[in-house]
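Residue numbers (the UniProt record's numbering): 1 to 490. For glycine and all other residues, C-beta sits at the position ideal for the given N, C-alpha and C.
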Amino acid sequence: MLNHRSAAFARVARALDARGKTSSGATLVVSHPYNRETVAELPLDSGDDARRKLQRAARFRSALSRHERIAVFDKAIALLAAEKRDASILITLESGLCRKDTMYEVDRVINVLHAAIAELNRDDGQTFSCDNATSDERRKIFTVREPLRGVIVAITPFNHPMNQVAHKICPAIASNNRIVLKPSEKTPLSALYLLDLFREAGLPESMFDVVIGEPNALGAALVCDEHVELVAFTGSVAVGKRIAQMAGYRRTVLELGGNDPLIVMEDADLERAAQLAAKGSYKNSGQRCTAVKRILVERTVARPFTELLVEHSRRWQTGDPMDERVDIGTLIDDAAAIECARRVDEARDAGARVLLGHQRDGAAYAPTVLERVGPALRLVQQETFGPVSPVITFCGLDEAVAIANSTRYGLSSGVCTNRLDYITHLIAHLDVGTVNVWEVPGFRLESTPFGGVKDSGLGSKEGMQEAIKNFTNLKTYSLPWDTLAHPHAA
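If you want it as structure tokens, here you go:
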């Protein structure tokens, strides 16, 4: 049952019809976090349903040429661009993210599709000459990437309901793989929307399918099935580690949590730094693995910086996420907002001072600025998923690095300084996957490598180029290549 009418919801309805009957007998209610109104009721897949979809995918082998895959992506881009507004509303209704954020998300999905086309137009093979070795072999060695023999399973979170799905399915399609995706049970509609969109764009049904259900009901069926060769997961550290244990002798690509710092040195343009801090803390309601979750400020400039941060934070308008003037929508549900407020309460009880915000209304939580935050508090040691700006002071570069590296996470970071010696030192010593100078930790392109270390990931990367590498097998072959017999051959 769908309670809205639009081109986007029509796609969801077609995707549901194409699924047919499920065997669980249970349903999932998707509610709008802002007002708790029912958006949709969906039949849940059982473990047996998931296994059937994996078996169907395993029996299929794609024969699509690069040209044909490019045509699919081109058509998908045209369809999505024409439905951009409806797709944005769909995301807002299921996630509570404001329309500004969800319009941006749809734009990002279009960029992911373009990145897939760019990779398909690039030859990803390698060539090695053999006559430069002492054995002087008259041969050349080549590499070619091939689709996996088994099926890819992808599991995506709620915070980017459509873009996270795109980052899993697009490299799979580009590399001619088959993929079965389980979106977050909190935001399943965007995945169903893309499922129908890709099928209209000409993608064979068995190349991409979606299962809807609770993790406990589907986890073992998806991760441990004999047809699965790779599991790609974005989400919490605890679930990611559990998947790694269950997967056994299968590949895993894990993009887990973050606790990203923005480091503000004493030479920084404080106005610019405060603007970045607010943007990094509040975009997407602060629900991003790469959100600014700790603001580390050199002690001598902490007071003027914090005043500017409060000033910038006041400008972020909260309210109904469907109102296009609003800058911050809700968190994913009431429980998430309650947990966010609880951690701020703990920090305040431990001596931190709340300068702005700390007001909750259902799933909505106002932009919140704190100072005098100790680096060992749970608010900043664990990943706090919400619009909170905790200011931590430090004295000197070494202490900044020590505080930044003091958590179990290592995803990304931002640095505000113009001194090259500071920049090179921080790039060398921060235990993270990315260092962005004069940008928020979340800055990236859809094609560039992205991923973390420590509890943020195993060092494997996402981004279109790296994802295609992860989703393929590399085959090496060699051929006779006598350049003396053919002097014009290189």
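Delimiting residues of the alpha helix (DSSP H) encompassing residue i
i, result
"Phe-198", "189-200"
"Ala-274", "270-282"
"Thr-306", "302-314"
"Pro-241", "Inspection of the sequence shows that residue 241 is occupied by Lys rather than by Pro. 237-247 is the span of the alpha helix (DSSP H), which, as asked, contains Lys-241."
"Val-391", "That residue, Val-391, is in no alpha helix (DSSP H); its beta strand (DSSP E) goes 388-394."
"Asp-398", "397-404"
"Glu-424", "Rather than Glu, the amino acid found at residue 424 in this sequence is Thr. Note, Thr-424: alpha helix (DSSP H), 420-429."
"Lys-469", "464-470"
"Ile-212", "No alpha helix (DSSP H) holds Ile-212; DSSP gives it neither H nor E."
"Lys-168", "163-174"
"Ala-7", "7-19"
"Lys-84", "84-95"
Chain-order list of residues whose beta-carbon lies under 6 Å from that of residue i (same chain, five-residue window excluded)
i, result
"Glu-383", "Gly-257 and Asn-259"
"Val-253", "Ala-232, Ser-460 and Asn-470"
"Ala-247", "Val-223 and Val-231"
"Asn-405", "Asp-431"
"Ala-58", "Val-151 and His-227"
"Val-237", "Leu-256, Gly-257 and Asp-455"
"Arg-66", "Leu-120"
"Ala-302", "Thr-393"
"Glu-68", "none"
"Ser-478", "Arg-139 and Ile-141"
"Ala-400", "Ile-263, Leu-296 and Phe-394"
Nearest-angstrom Cα separation, counted from residue j out to residue i
i, j, result
"His-4", "Arg-36", "14 Å"
"Ile-91", "Arg-139", "54 Å"
"Pro-367", "Val-39", "27 Å"
"Ile-173", "Arg-56", "16 Å"
"Asp-101", "Asp-269", "27 Å"
"Asp-320", "Tyr-34", "7 Å"
"Ser-6", "Lys-279", "31 Å"
"Cys-395", "Val-354", "22 Å"
"Lys-454", "Ile-427", "16 Å"
"Ala-8", "Gly-410", "37 Å"
"Gly-96", "Asp-421", "43 Å"
"Arg-61", "Leu-28", "32 Å"
"Ala-50", "Arg-250", "18 Å"
"Arg-108", "Ile-70", "18 Å"
"Ala-291", "Ala-335", "19 Å"
"Ser-313", "Arg-348", "19 Å"
"Glu-205", "Arg-19", "11 Å"
"Leu-377", "Thr-424", "29 Å"
"Asp-45", "Pro-261", "39 Å"
Cβ shell of residue i (< 8 Å), same chain only, five flanking positions each side left out
i, result
"Ala-81", "Ile-110"
"Ala-13", "Leu-2"
"Ile-169", "Ala-154, Ile-179, Leu-181, Leu-194, Phe-198 and Phe-208"
"Lys-475", "Thr-143, Val-144, Arg-145 and Glu-146"
"Ile-392", "Arg-294, Ile-295, Leu-296, Val-297, Val-373, Gly-374, Pro-375, Val-380 and Ile-403"
"Gly-47", "Ala-217, Leu-218, Ala-220 and Ala-221"
"Val-112", "Asn-163, Ala-166, His-167, Cys-170, Glu-446 and Met-464"
"Arg-149", "Glu-229 and Asn-473"
N- and C-terminal bounds of the beta strand (DSSP E) containing residue i
i, result
"Glu-266", "No beta strand (DSSP E) contains Glu-266, which DSSP labels as neither H nor E."
"Thr-252", "251-255"
"Lys-293", "292-298"
"Leu-230", "228-234"
"Leu-181", "179-182"
"Gly-414", "414-416"
Contact set for residue i: own chain, Cβ-Cβ below 7 Å, skip 5 residues either direction
i, result
"Leu-16", "Leu-42 and Leu-192"
"Lys-53", "Val-180, Asp-209 and Val-211"
"Phe-443", "Asn-436"
"Asn-418", "Asp-267"
"Thr-234", "Thr-156, Pro-157, Gln-164 and Glu-255"
"Ser-88", "Arg-99, Thr-102, Met-103 and Val-106"
"Trp-438", "Cys-416"
Residue-chain proximity (residue i, chain D), Cβ-Cβ < 8 Å
i, result
"Ser-62", "Looking for chain D here will not work: only one protein chain is present."
Mind the definition here: the stretch 384-397 touches the stretch 343-353 only if three or more C-beta pairs lie below 8 Å; say whether that holds.
yes
With a cut-off of 8 Å, do at least 3 Cβ pairs link the stretch 293-308 to the stretch 265-276?
yes
Quick check: the stretch 277-292 against the stretch 144-161, are at least 3 beta-carbon pairs closer than 8 Å?
yes
Extract the residue ranges of the alpha helix (DSSP H) inside the stretch 98-160, only unbroken runs of 4 or more that lie entirely within it.
99-120
Specify whether the stretch 123-132 and the stretch 64-80 touch according to this definition: at least 3 beta carbon pairs, one from each stretch, less than 8 Å apart.
Because the criterion of three Cβ pairs below 8 Å is not met, the stretch 123-132 and the stretch 64-80 do not touch.
Tell me, please, whether the stretch 176-192 touches the stretch 210-228 by the rule of three or more beta-carbon pairs shorter than 8 Å.
In the pairwise beta carbon analysis, the stretch 176-192 is classified as touching the stretch 210-228: at least three pairs are separated by under 8 Å.
Could you name each continuous beta strand (DSSP E) segment of 3 residues or more that falls completely within the stretch 21-72, going from the start of the chain to the end?
Counting only runs of 3 or more, we get 27-31 and 38-43.
Segments assigned alpha helix (DSSP H), at least 4 residues, entirely inside the stretch 305-380
334-349
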